[in-house]
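Residue numbers (the working numbering): 1 to 257. No residue lacks a Cβ here, since even glycine has one placed at the ideal position from N, Cα and C. Since we're looking at a predicted model, the values are computed, not measured.
See the structure below:
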């Protein structure tokens, strides 16, 4: 049995966080007074420990984007005898109702939720139909016209593999815009048409740009070949209008373990 960490010894934790991004200017901490997911997590940790705490995230989701499986890490002073579940309960007791920690466990020192990630999966919800759906106005993109899911899937299949996605986003750091997509496709589920995409990493606004362009294929304004040509062009101006943020969800982040 490993000896208990003494009171005050720093420990690193990894947590899975779910949130409704409607009221926040994205995950990343902003200037003072501007709401963000990162700032709320850090505030809750500081209230629990009485000390400043820094939080790292796997994905810098934009304003209005939601998450079911954001992964974060932080290092705080937390004795073993208190237990991980006690920390999870304390966090949720101090977080606002639109943010919750779903799971929490110890992590190796040096674990980085962004740089250690191997796969990320996003989902995007479209609600086709001519009539507004007020309950979903911050959860899905309402598109008035019907969409051809088969055509959109034919275009989405072109995204799978290793490609330069410069048309559909900007590199968050440096100039490398090559990413590898492992899966991409649309499904009709009830009233919704849902796009799911899994990749090793994403460019800024990449998923929303892809959705906006694939929606043009589904509506008949673009052909599948138009999507292929836009991808090959490597020019940001060749993307269709970026889909709104409120239909996007970070579903999961995967690691080697």
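Backbone secondary structure at residue i - three-state DSSP
| i | result |
| --- | --- |
| residue 170 | strand |
| residue 226 | helix |
| residue 334 | Any property of residue 334 remains undetermined from this structure, which presents the chain solely from 1 to 257. |
| residue 82 | helix |
| residue 178 | strand |
| residue 18 | strand |
| residue 103 | strand |
| residue 242 | coil |
| residue 55 | strand |
| residue 40 | helix |
| residue 235 | coil |
One or two residues paired with residue i in a DSSP bridge
| i | result |
| --- | --- |
| residue 249 | 66, 123 |
| residue 186 | 195 |
| residue 204 | 170 |
| residue 134 | None, per the DSSP bridge assignment. |
| residue 11 | 76 |
| residue 162 | 180 |
| residue 71 | 16 |
| residue 128 | 143 |
| residue 216 | Residue 216 is not bridged to any residue. |
Beta-carbon proximity of residue i to residue j, cut-off 9 Å
| i | j | result |
| --- | --- | --- |
| residue 149 | residue 187 | yes |
| residue 57 | residue 72 | yes |
| residue 245 | residue 62 | yes |
| residue 168 | residue 178 | no |
| residue 153 | residue 190 | no |
| residue 65 | residue 250 | yes |
| residue 91 | residue 18 | no |
| residue 157 | residue 217 | no |
| residue 116 | residue 256 | yes |
| residue 59 | residue 27 | yes |
| residue 209 | residue 240 | yes |
Other residues of its chain near residue i: CB distance less than 6 Å, five sequence neighbours each side excluded
| i | result |
| --- | --- |
| residue 196 | 123 |
| residue 198 | 119, 121, 182, 183 |
| residue 145 | 219 |
| residue 53 | 42, 45, 46, 74, 76 |
Neighbourhood of residue i by C-beta, 8 Å cutoff - its chain only, sequence neighbours within 5 removed
| i | result |
| --- | --- |
| residue 96 | 40 |
| residue 259 | One cannot answer for residue 259 here, as it falls past the ends of the chain, which runs 1 to 257. |
| residue 88 | 15, 101, 103, 104 |
| residue 25 | 34, 35, 36, 63 |
| residue 23 | 35, 98 |
| residue 13 | 73, 74, 75, 76, 78, 84, 87, 104, 105, 106, 107 |
| residue 205 | 62, 168, 169, 170, 242 |
| residue 9 | 77, 79 |
| residue 147 | 126, 128, 193, 215, 218, 219 |
| residue 113 | 14, 56, 57, 58, 71, 72, 73, 253 |
| residue 137 | 246 |
| residue 29 | 36, 38, 39, 42 |
7 Å CB neighbourhood of residue i in its chain, flanking five on each side removed
| i | result |
| --- | --- |
| residue 140 | 125, 126, 127, 192, 247 |
| residue 234 | 164, 166, 167 |
| residue 47 | 94 |
| residue 200 | 118, 119, 179, 180 |
| residue 133 | 127, 142 |
| residue 109 | 12 |
Exercise for review: Specify whether the segment 166–174 and the segment 87–106 touch according to this definition: at least 3 beta carbon pairs, one from each stretch, less than 8 Å apart.
Suggested key: no
**Study point:** the segment 82–90 touching the segment 201–217, judged by at least three CB pairs closer than 8 Å
**Key:** no
Check your understanding: Below 8 Å, can you find three or more Cβ-Cβ pairs linking the segment 217–233 to the segment 105–123?
Key -> no
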